[in-house]
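Numbered per numbering that gives the first Met the number 0, the sequence shown spans residues 0 to 497.
Here's the structure we're looking at; comments come further down.
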Amino acid sequence: MNTAPIVSKVWSFCTTLRDDGVGYGDYLEQLTYLIFLKMADEYGKPPRNRDVGIPAEYNWPSLRSKRGAELESHYVTLLRELGAKTGMLGQIFTKAQNKIQDPAKLYRLIDMVDDTEWVTMVADIKGDIYEGLLEKNAEDTKSGAGQYFTPRALIRTMVECVRPEPRKLIADPACGTGGFFLAAYDFLTNQDNFRLDQQQNAFLKHETFHGNEIVANTRRLCLMNMLLHNIGEIDGGAPISPNDALVADSGQRFDYVFANPPFGKKNSMSFTNEEGEQETDDLTCNRQDFWAATSNKQLNFVQHIRTMLKTDGRAAVVVPDNVLFEGGAGETIRKKLLDSTDLHTILRLPTGVFYAQGVKANVIFFDNREASPDPWTKRVWYYDYRTNIHHTLKKKPMSYEDLSDFVKCYNPHNRYQRKAIWDENDAPEGRWRSYSYEELAARDKTSLDIFWLKDKSLTDLDNLPEPDDLAEEIIENLEACLNSFREVLAGLRQSVPR
């Protein structure tokens, strides 16, 4: 199948709508609704003959038969009625609205979608089209969509290190657009890793993945992304829950958890509601399974992810720097994490890799363990991929190859046989270093915030980054400072009696 014309049409029409003020996010929404309806129509025909649950008066032919104001009115009614349904259908159309006010352009978009057989198209192609649109949407910083899109190079690295196995359960309690699920799916279906039998393939498609996403629009994008990549069924249940994962322990336990939880403001009551709008509420979690009560979202997600894991479950989680050094509840949680899990690896990331500006983050890798009087963590291995590293999203984005040395050091096939690849006499120059439990426990507040490399830009003027890179890094650092000031201000406002 020659897919180039399809890709060209999808992108060119997106550009046309942007001229009318319809952004990537709005375009993605409408494309999602229409592709789902077209796929439902294709599934309803022989030889499949499947009933997705769409009433005849709101099916694909009903859209194709109308023009002008009648089409626009019918489309609005269709979105409202299908949003009241259950299962995958209801989740896709939850709170759906028409964002294309020109009936002529709406008809052209319907015609473009109708011109393609989506069910028979190779999953890699239709998935790549959709993933491309998701990434473009994330790049639109004004929309704020970047907070739901984790760079795919980082996701692939995390999955490659953990190496999930077939017939195991994989979860993400803040799944965004589903990047971790797709990377895990690709890893499991790669024949260089596994050759799945029929039962394993069925388990992968229907039972492997479980997620939470409270923002309705992001959740629908995730569901469609998974469908287009051959995960789940169009007439089945939705593998993504709209529930806030932090509210309560669902009781279900998983073999693997991959996550990049939202970086909420410290001591802030600000959160995003289902409509994507900011609201305020008391976010302090008081759960019996948590080690400490705190309003810090990231610390709560770390605790929740530990609860989600089976006794031998494994996690890879993106966390901001404050999780590694914050006092109070943060110190308590780090001590418990070192004692009750095997926190074996920390990857320190540079700025300039996330669509949310000014983010300083890390990936922590830990394996859950059964209760024991002795600490399970014996040694934590660090890889400093931040010091003297410069990335920008547009000119020098981080690639999987950039993290290949970390993957080698991690030694995914047997991490128990790791070794220090740096010479003891030249240790300060090495990015890979380990610290014993005793060394970490003795640090002030059990801080895991460790760096040992020297910043060459402070001493070697001949090796300064390009001016554009420096300017972008300065901007990101200023934005990070502004975010910190906003957190302090939010905390002060909450402490003032009303």
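The beta carbon of each residue, even a glycine, is placed where N, CA and C say it ideally should be.
CB contact flag (residue i, residue j, <9 angstroms)
{"i": "Phe-208", "j": "Ile-233", "result": "no"}
{"i": "Cys-221", "j": "Leu-132", "result": "no"}
{"i": "Glu-138", "j": "Leu-392", "result": "yes"}
{"i": "Thr-508", "j": "Phe-353", "result": "This structure cannot settle anything about residue 508, because the visible part of the chain is limited to 0 through 497."}
{"i": "Lys-84", "j": "Gln-29", "result": "no"}
{"i": "Gly-175", "j": "Glu-212", "result": "yes"}
{"i": "Gln-297", "j": "Asn-321", "result": "yes"}
{"i": "Ile-154", "j": "Ala-182", "result": "yes"}
{"i": "Ile-363", "j": "Val-318", "result": "yes"}
{"i": "Leu-447", "j": "Phe-324", "result": "yes"}
{"i": "Lys-125", "j": "Leu-227", "result": "yes"}
{"i": "Met-157", "j": "Phe-179", "result": "yes"}
{"i": "Arg-286", "j": "Ala-247", "result": "yes"}
{"i": "Gln-90", "j": "Ile-332", "result": "no"}
{"i": "Gly-210", "j": "Asp-171", "result": "yes"}
{"i": "Leu-16", "j": "Leu-81", "result": "no"}
{"i": "Arg-166", "j": "Phe-202", "result": "yes"}
{"i": "Glu-513", "j": "Pro-411", "result": "Beyond the ends of the chain as shown, which are 0 and 497, falls residue 513; an answer cannot be given."}
{"i": "Leu-348", "j": "Arg-385", "result": "yes"}
{"i": "Asp-40", "j": "Trp-59", "result": "yes"}
Residue i classed as buried or exposed, judged by whether at least 16 other C-beta atoms fall within 10 angstroms
{"i": "Thr-119", "result": "exposed"}
{"i": "Asp-422", "result": "Its pLDDT being 47, under 50, Asp-422 is placed unreliably in this model, and the value from its coordinates should be taken loosely. Its Cβ having fewer than 16 others within 10 Å, Asp-422 is exposed."}
{"i": "Ser-403", "result": "exposed"}
{"i": "Tyr-415", "result": "exposed"}
{"i": "Gln-197", "result": "exposed"}
{"i": "Asn-224", "result": "buried"}
{"i": "Ser-339", "result": "buried"}
{"i": "Asp-114", "result": "exposed"}
{"i": "Ile-169", "result": "buried"}
{"i": "Lys-44", "result": "exposed"}
{"i": "Arg-194", "result": "exposed"}
{"i": "Ile-128", "result": "buried"}
{"i": "Leu-439", "result": "buried"}
{"i": "Gly-351", "result": "buried"}
{"i": "Glu-418", "result": "The residue asked about is misnamed: residue 418 is Lys in this sequence, not Glu. Exposed, because fewer than 16 other Cβ atoms sit within 10 Å of the Cβ of Lys-418."}
{"i": "Pro-46", "result": "exposed"}
{"i": "Ala-215", "result": "buried"}
{"i": "Asn-413", "result": "exposed"}
{"i": "Gly-20", "result": "exposed"}
{"i": "Lys-407", "result": "exposed"}
{"i": "Asp-373", "result": "exposed"}
{"i": "Asp-454", "result": "exposed"}
Of the listed residues the options, nearest to residue i (C-alpha basis)
{"i": "Leu-27", "options": "Asn-136, Gly-126, Leu-36", "result": "Asn-136"}
{"i": "Gln-199", "options": "Glu-164, Thr-15, Ala-441", "result": "Glu-164"}
{"i": "Leu-346", "options": "Leu-153, Cys-408, Asn-361, Trp-10", "result": "Asn-361"}
{"i": "Gly-327", "options": "Asp-25, Thr-445, Asn-216", "result": "Thr-445"}
{"i": "Ile-5", "options": "Asp-18, Tyr-23, Gly-20, Ile-34", "result": "Ile-34"}
{"i": "Asp-500", "options": "Leu-447, Lys-44, Ala-152", "result": "An answer regarding residue 500 cannot be provided, because it is not within the stretch 0 to 497 covered by the chain."}
{"i": "Ser-371", "options": "Lys-335, Tyr-382, Asp-248", "result": "Lys-335"}
{"i": "Ala-292", "options": "Leu-245, Asn-367, Asp-373", "result": "Leu-245"}
{"i": "Glu-369", "options": "Arg-286, Val-406, Arg-305, Arg-414", "result": "Arg-305"}
{"i": "Lys-94", "options": "Thr-76, Asp-19, Leu-452, Ser-7", "result": "Thr-76"}
{"i": "Gly-329", "options": "Arg-313, Ser-294, Lys-453", "result": "Ser-294"}
{"i": "Ala-173", "options": "Tyr-184, Phe-262, Lys-167, Pro-349", "result": "Phe-262"}
{"i": "Arg-66", "options": "Gln-96, Asp-110, Ala-39", "result": "Asp-110"}
{"i": "Trp-451", "options": "Trp-117, Asp-383, Asp-171", "result": "Asp-383"}
{"i": "Cys-284", "options": "Arg-252, Phe-253, Asp-243, Gly-250", "result": "Asp-243"}
{"i": "Arg-219", "options": "Ala-441, Val-21, Asp-25", "result": "Asp-25"}
{"i": "Phe-253", "options": "Asp-288, Cys-408, Glu-206, Asn-216", "result": "Glu-206"}
{"i": "Gly-236", "options": "Met-87, Lys-37, Arg-162, Ala-201", "result": "Met-87"}
{"i": "Val-112", "options": "Gln-251, Phe-92, Thr-31", "result": "Thr-31"}
{"i": "Leu-477", "options": "Ala-441, Asn-367, Val-358", "result": "Val-358"}
{"i": "Ser-249", "options": "Asp-288, Ile-473, Ala-419, Asp-373", "result": "Asp-288"}
{"i": "Thr-508", "options": "Val-316, Ile-449, Phe-92, Ile-474", "result": "Residue 508 cannot be examined here, being either before or after the span of the chain that is shown, 0 to 497."}
{"i": "Glu-134", "options": "Tyr-23, Val-316, Leu-78", "result": "Tyr-23"}
Proximity test, Cβ basis, 9 angstroms: residue i and chain B
{"i": "Glu-116", "result": "No chain B is part of this structure, which consists of one protein chain only."}
Secondary structure, alpha helix (DSSP H): runs of 4+ residues fully inside the segment 281 to 355: Within the segment 281 to 355, the complete alpha helix (DSSP H) runs of at least 4 residues are 296 to 307, 321 to 324, 328 to 339.
Three CB pairs or more closer than 8 angstroms across the segment 393 to 408 and the segment 189 to 199: Because the criterion of three Cβ pairs below 8 angstroms is not met, the segment 393 to 408 and the segment 189 to 199 do not touch.
- prompt: Does the segment 101 to 114 come within contact of the segment 45 to 54, defined as at least 3 CB pairs closer than 8 angstroms?
  reply: In short, these stretches do not touch, since the Cβ pair count stays below three.
query: Touch check for the segment 332 to 349 and the segment 372 to 391: three-plus C-beta pairs under 8 angstroms?
result: Contact between the segment 332 to 349 and the segment 372 to 391 is present, because at least three Cβ pairs lie under 8 angstroms.
Complete runs of the beta strand (DSSP E) confined to the segment 102 to 184 [at least 3 residues]: Within the segment 102 to 184, the complete beta strand (DSSP E) runs of at least 3 residues are 169 to 171.
- request: Examine the Cβ distances between the segment 304 to 320 and the segment 428 to 436 and report whether three or more of them are shorter than 8 angstroms.
  value: Touching, no.
- prompt: Is it true that the segment 58 to 76 meets the segment 247 to 263, where meeting means three or more beta-carbon pairs spaced less than 8 angstroms apart?
  reply: No: fewer than three Cβ pairs fall under 8 angstroms.
message: Restricting to runs no shorter than 4 residues, where is the alpha helix (DSSP H) found entirely within the segment 54 to 105?
response: Look at the segment 54 to 105 and you find these whole runs of alpha helix (DSSP H), each 4 residues long or longer: 59 to 63, 67 to 81, 86 to 91.
- prompt: What runs of the alpha helix (DSSP H), each 4 residues or longer, lie entirely inside the segment 396 to 457?
  reply: You should have 403 to 409, 436 to 440.
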